[in-house]
Amino acid sequence: MDQKEKKEQRENKEEYAFITETIKDKPVNKRRLARKAGWTVLSGLLFGLAACVAFVAAKPKLETLMEPQPSGDPVTIPRDQLPEGDGEPGSGEEGQQGGAGEENPNTPEEGINNPAQEGNGSGAAEEPDDDEVPPAPIFIERDLEARDYQLLLNKLYAVGKQANRSVVTVTGVTSNIDWFDSAYESENQGSGIIIRDDGQELLILTERRVINNAEAINITFHNNDVAPAEVKKYDGNTGIAIISVKQENISPETLDKIEAVELGNSLIVGQGTVVIAIGSPLESNYSILTGTVTSSDYKVSAWDSDYTVFTTDIMGSSRGSGALINLNGEVVGLILQDYSSPGDRNTITALSISELKGLIEKLSNGEAIPYLGIKVSTVTEEISQQHGLPQGVYVKNVETEFSSPAMEAGLQEGDVITELNGEEMQTIEQYTQMLLSLAPEQSVKLKVQRQSGEGYTELECTAVVGVLK
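In the numbering used here, the protein residues as written are 23 to 491.
Below is the structure:
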């Protein structure tokens with residue numbers, strides 16, 4: 023290789039020498055990187071804080087849009103107690119007198135002499151002086167005539183007619199398909215009782231069977247005005263339901279002709295109490311039937327409680343519905359023929375309204391009824407001594423067909439519940455009241471006595487409160 027070629031080769035090598043150079047990474051500026059990371063974290067915190075504030079501010083409006091709150095104030099229904107005295111139901115005068123503004127049924131009718139009206143012609147007896155002995159009452163015997171019986175019936179029916187202002191016809195409309203694949207609508211009807219008017223909506227007490235699976239619910243008032251309704255809540259245990267009607271869907275003329283009924287004290291109802299059946303006791307709405315209570319000590323067991331059933335001598339239908347009212351026009355019983363004994367299918371039977379008030383209050387507020395799924399009875403001191411059972415709430419049956427909360431908690435027939443969430447349980451009433459204070463999905467701890475050998479062993483169970491569909 024001559025000198026010239028060597029020179030060219032050296033020049034080419036120098037010309038492309040940059041290709042073999044090593045490129046080094048730019049040095050990391052740790053301060054700048056830390057500053058950038060800090061700004062990123064701070065921006066994320068500010069964004070999260072702004073989103074949180076916006077969510078908290080918008081939450082009430084979103085809840086209102088997604089789940090409208092009940093209109094008006096919450097419904098509260100005072101609980102009833104037996105009057106002081108002998109405590110015998112039906113022994114007092116409550117519920118046996120005419121309502122406010124009504125004529126007293128014990129007032130002597132025209133043509134019957136009244137000593138208090140004699141002498142001064144003013145209808146008021148003169149007040150005797152302190153030193154004077156009041157004159158002995160004068161009794162005048164008079165044979166009753168058929169006319170007197172008619173006058174008495176007129177008074178009873180007047181109470182029923184006034185109460186009919188609170189009665190409505192409930193119609194549940196359901197769509198079906200016939201054998202020829204043609205669509206048709208079927209209607210199920212029953213009566214309802216207006217129990218509350220808060221100025222925005224009417225709350226109506228009825229039976230679930232009337233509205234079960236209904237795609238539309240219509241309310242017909244006694245003047246034939248019709249308005250749409252919607253289900254507020256129902257109880258899958260007793261079968262009662264509350265539906266509501268917005269007042270904006272009711273004409274002013276109708277609002278002037280309806281009123282909410284009063285829920286009376288049924289604890290004082292006993293054998294011989296005069297009652298009036300309203301609603302559709304014979305499947306014909308706005309009927310008025312009169313009679314007396316023939317039994318008030320019959321109990322029927324439902325899940326987690328038992329209820330007093332009033333039997334009457336009033337002829338009725340097995341599909342009848344409505345309410346029993348007293349002479350004050352107050353509801354004392356809810357007609358539910360499903361609770362009739364086999365021998366009472368042709369007469370009106372009703373559940374004691376006082377024992378339903380807790381359920382009605384929760385349903386009226388749109389709250390679900392807590393459910394464990396046991397049938398219970400009270401182990402009194404006398405029963406405890408006779409049968410060697412611990413005092414408490416005896417478990418007669420546990421719902422196992424639909425996997426009840428009680429079954430999942432391990433409760434068994436024959437267990438005696440002595441405590442519920444730390445509170446002593448001695449009666450069904452205590453157990454029912456405590457259960458109603460709970461909410462679905464809430465855990466509840468139960469202490470039970472379970473027979474083991476010849477004695478009883480204390481166990482603890484935890485159940486999750488459910489809702490019976």
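Every residue gets a Cβ at the ideal spot worked out from N, C-alpha and C, and that includes glycine.
Excluding the 5 residues flanking Trp325 on each side, which residues of the same chain have their C-beta closer than 6 angstroms to its C-beta? Indexing the sequence shown from 1 puts residue 325 at position 303. For Trp325, where only same-chain residues beyond five positions count, the Cβ hits under 6 angstroms are Asn259 and Gly395.
Which residues does DSSP pair with Asp22 in a beta bridge? Outside the displayed range of the chain (23 to 491) lies residue 22, so it cannot be described from this structure.
Candidates Asn350, Ser406 and Lys467: which alpha carbon is nearest Glu430's? If you number the sequence shown from 1, residue 430 lands on position 408. Ranking Asn350, Ser406 and Lys467 by Cα distance to Glu430 puts Lys467 first.
Asp170, enclosing beta strand (DSSP E) - first and last residue: If you number the sequence shown from 1, residue 170 lands on position 148. Premise fails: Asp170 lies in the alpha helix (DSSP H), Ala168 to Ala185, not in any beta strand (DSSP E).
Test item: CB-CB of Leu433 and Val415 under 7 angstroms: As a first step, residue 433 is located in the sequence shown; it is residue number 411 there, counting from the start. As a first step, residue 415 is located in the sequence shown; it is residue number 393 there, counting from the start. Contact check for Leu433 against Val415 fails: the beta carbons are separated by 7 angstroms or more.
Rounded to whole angstroms, what is the Cα-Cα separation between Val267 and Asn387? Translated into the one-based positions of the sequence shown, residue 267 becomes position 245. Translated into the one-based positions of the sequence shown, residue 387 becomes position 365. Val267 and Asn387 have their alpha carbons spaced roughly 14 angstroms apart.
Would you call Glu209 buried or exposed, if buried means 16 or more other Cβ atoms sit within 10 Å of its Cβ? In the sequence shown, residue 209 corresponds to position 187, counting from 1. Exposed.
Within the chosen definition, does the segment 268–288 reach the segment 157–171 through at least 3 CB pairs nearer than 8 angstroms? Judged by Cβ distances under 8 angstroms, the segment 268–288 makes no contact with the segment 157–171, as fewer than three pairs qualify.
With DSSP run on the structure shown, which of helix, strand or coil describes Thr252? For the purposes of this step, residue 252 is taken as residue 230 along the sequence shown, with counting starting at 1. The sequence shown places Glu at residue 252, rather than the Thr named in the question. Look at Glu252 here: in three-state DSSP terms it is strand.
Which word fits Gln222, buried or exposed, when buried means at least 16 other C-beta atoms lie within 10 angstroms of its C-beta? Mapped onto the sequence shown, residue 222 falls at position 200. In summary, Gln222 is exposed, with fewer than 16 beta-carbon neighbours lying within 10 Å of its beta-carbon over all protein chains present.
Please report how far the alpha carbon of Ile265 lies from the alpha carbon of Asp102, in whole angstroms. Along the sequence shown, read from residue 1 onward, the residue named residue 265 stands at position 243. Along the sequence shown, read from residue 1 onward, the residue named residue 102 stands at position 80. About 24 angstroms.
Is the distance from the Cβ of Thr333 to the Cβ of Ser317 below 7 angstroms? Numbered from its first residue, the sequence shown carries residue 333 at position 311. Numbered from its first residue, the sequence shown carries residue 317 at position 295. Yes. Within cutoff.
Residue environment, Tyr256, which counts as buried when at least 16 other CB atoms sit within 10 Å: For the purposes of this step, residue 256 is taken as residue 234 along the sequence shown, with counting starting at 1. With a 10 Å radius around the Cβ and a threshold of 16 neighbouring Cβ atoms, Tyr256 comes out buried.
How would you write the range of the beta strand (DSSP E) that Leu385 sits in, first residue to last? Sequence index remark: in the sequence shown, residue 385 carries index 363 (1-based). Counting along the chain, Leu385 falls outside any beta strand (DSSP E), though it belongs to the alpha helix (DSSP H) covering Lys379 to Ser386.
Can you name, in chain order, every residue of its own chain whose Cβ lies under 8 angstroms from the Cβ of Ile450, other than the five neighbours on each side? Indexing the sequence shown from 1 puts residue 450 at position 428. Hits under 8 angstroms: Ser327, Asp328, Val398, Ser399, Thr400 and Val415.
Using a Cβ distance threshold of 8 angstroms, determine whether the segment 235–246 contacts the segment 186–198, with at least three qualifying pairs required. Inter-segment contact for the segment 235–246 and the segment 186–198 is present: three or more beta-carbon pairs are separated by less than 8 angstroms.
Distance, Ala249 Cα to Thr510 Cα: Since the first residue of the chain shown is 23 and the last is 491, residue 510 is not available in this structure.
Taking 8 angstroms as the limit between beta carbons, can you name the residues of its chain near Met88, skipping five residues before and five after? For the purposes of this step, residue 88 is identified with residue 66 of the sequence shown, where counting begins at 1. Summary for Met88: the model assigns pLDDT 46, below 50, so the residue's position carries little reliability; its value from the coordinates is reported in the next sentence. Hits under 8 angstroms: none found.
Compute the distance between the beta-carbons of Val315 and Val291, then report whether it is under 7 angstroms. If you number the sequence shown from 1, residue 315 lands on position 293. If you number the sequence shown from 1, residue 291 lands on position 269. Yes, the pair counts as a contact, with Cβ atoms nearer than the cut-off.
Let's test the definition: count the other Cβ atoms within 10 Å of the Cβ of Glu352 and tell me whether it reaches 16, buried, or not, exposed. Mapped onto the sequence shown, residue 352 falls at position 330. Buried, by the Cβ-count rule.
Look at the Cβ atom of Asp237, then the Cβ atom of Gly212, and state whether they are nearer than 7 angstroms. Here residue 237 corresponds to residue number 215 of the sequence shown, with the count starting at 1. Here residue 212 corresponds to residue number 190 of the sequence shown, with the count starting at 1. The amino acid at residue 237 is misidentified as Asp; the sequence shows Glu. Taking 7 angstroms as the Cβ cut-off, Glu237 and Gly212 do not qualify as a contacting pair.
Nearest-angstrom Cβ-Cβ length linking Thr484 and Ser465, presumed shorter than 8 angstroms: Looking up residue 484 in the sequence shown gives position 462. Looking up residue 465 in the sequence shown gives position 443. The Cβ separation is near 6 angstroms, so the contact holds.
Exposed or buried, Asn307, counting other C-beta atoms within 10 Å across all chains shown (16 or more means buried)? Here the question's residue 307 lines up with position 285 in the sequence shown. With at least 16 other beta carbons inside 10 angstroms of its own, Asn307 counts as buried.
In the DSSP assignment, the beta strand (DSSP E) including Ala238 goes from what residue to what residue? As a working mapping, residue 238 is identified with position 216 in the sequence shown. Residues Ala238 to Thr242.
Which two residues bound the contiguous beta strand (DSSP E) that contains Tyr320? To locate residue 320, count along the sequence shown from 1; it is residue 298. Here the beta strand (DSSP E) through Tyr320 covers Ser309 to Ala324.
Give the secondary structure of Pro392 by DSSP, where H, G and I count as helix, E and B as strand, and everything else as coil. Position 370 of the sequence shown, counted from the start, is the residue given in the question as residue 392. Pro392: strand per DSSP, three-state reduction.
For my contact list, Arg218 and Val97 are in at a C-beta cut-off of 8 angstroms; report their separation, rounded to the angstrom. In the sequence shown, counting from the first residue as 1, residue 218 sits at position 196. In the sequence shown, counting from the first residue as 1, residue 97 sits at position 75. Right, their Cβ atoms sit about 6 angstroms apart.
Should Ile215 and Ala299 be called a contact, given that it needs their Cβ atoms to be closer than 7 angstroms? As a working mapping, residue 215 is identified with position 193 in the sequence shown. As a working mapping, residue 299 is identified with position 277 in the sequence shown. It is not a contact, given that the beta carbons lie outside the stated cut-off.
Beta-carbon proximity of Ile310 to Tyr179, cut-off 7 angstroms: In the sequence shown, counting from the first residue as 1, residue 310 sits at position 288. In the sequence shown, counting from the first residue as 1, residue 179 sits at position 157. Less than 7 angstroms separates the beta-carbon of Ile310 from that of Tyr179.
Quick one: what's Gln211 bridged to in DSSP? Counted from its first residue, the sequence shown places residue 211 at position 189. Its beta-bridge partners are Thr193.
Hey, could you find the ends of the beta strand (DSSP E) Arg472 is sitting in? Stepping through the sequence shown from its first residue, residue 472 is reached at position 450. It spans Ser465 to Ser474 - the beta strand (DSSP E) in which Arg472 sits, taken as one unbroken run.
Identify, in the order they occur along the chain, each residue of the same chain with its Cβ nearer than 6 angstroms to the Cβ of Ser339, setting aside the five sequence neighbours on each side. For this step, residue 339 is matched to residue 317 along the sequence shown. Result list for Ser339: Leu304 and Glu305, in chain order.
Euclidean distance between Cα positions of Glu446 and Ala390: Residue 446 sits at position 424 when you count from the first residue of the sequence shown. Residue 390 sits at position 368 when you count from the first residue of the sequence shown. Distance between the alpha carbons of Glu446 and Ala390: 25 angstroms.
Here's the rule: buried if 16 or more other CB atoms are within 10 angstroms of the residue's CB, otherwise exposed. What is Ala461? The count along the sequence shown starts at 1 and reaches residue 461 at position 439. That one is exposed.
How long is the line joining the alpha carbons of Gly488 and Phe424, rounded to whole angstroms? The count along the sequence shown starts at 1 and reaches residue 488 at position 466. The count along the sequence shown starts at 1 and reaches residue 424 at position 402. Approximately 12 angstroms between the Cα atoms of the pair.
Rounded to a whole number of angstroms, what is the C-alpha to C-alpha distance between Leu457 and Val322? Sequence index remark: in the sequence shown, residue 457 carries index 435 (1-based). Sequence index remark: in the sequence shown, residue 322 carries index 300 (1-based). C-alpha of Leu457 to C-alpha of Val322: approximately 19 angstroms in a straight line.
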